[in-house]
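Undergrad:
Residue numbers (our numbering): 270 to 332.
(1) Buried or exposed, going by whether 16 or more other CB atoms sit within 10 Å of the CB of residue 301?
(2) Go ahead and pull the three-state DSSP assignment for residue 286.
(3) Helix or strand or just coil, what does DSSP make of residue 316?
(4) Return the CA-CA distance between residue 315 and residue 288, expressed in angstroms with no decimal places.
(5) Cβ of residue 306 within 8 Å of Cβ of residue 273?
(6) Counting along the chain, where does the beta strand (DSSP E) carrying residue 300 start and finish?
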């Protein structure tokens, strides 16, 4: 699985996930306006007052 990656100290691009990480995720930290993209081992989706996150089994949801 190849996911887009982005973080506060990581440049935009793509990363190949390890075999144990089967989800591409994106997370938006609403207070500071920081986006993070990458691979994840478990599925986590939430939308709270300070964090929005979404994961899927392709890289379509973390672009």
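Virtual Cβ for every residue (Gly too), placed ideally from N, Cα, C.
TA: Inspection of the coordinates gives the following:
(1) Within the chain shown, residue 301 is the residue found at index 32, counting from 1. So residue 301 counts as exposed.
(2) What you label residue 286 is simply residue 17 of the chain shown in a count that begins at 1. Coil, per DSSP.
(3) Working through the chain shown from its first residue, we reach residue 316 at position 47. Under the three-state reduction of DSSP output, residue 316 falls in the strand class.
(4) Walking along the chain shown from the start, residue 315 turns up at place 46. Walking along the chain shown from the start, residue 288 turns up at place 19. If you draw a straight line from the Cα of residue 315 to the Cα of residue 288, it is about 24 Å long.
(5) Counting from one through the chain shown, the residue named residue 306 turns up at place 37. Counting from one through the chain shown, the residue named residue 273 turns up at place 4. At the C-beta level, residue 306 and residue 273 come within 8 Å of one another.
(6) Here residue 300 refers to the residue found at position 31 of the chain shown. Neither: residue 300 is in no beta strand (DSSP E) and is coded neither H nor E.
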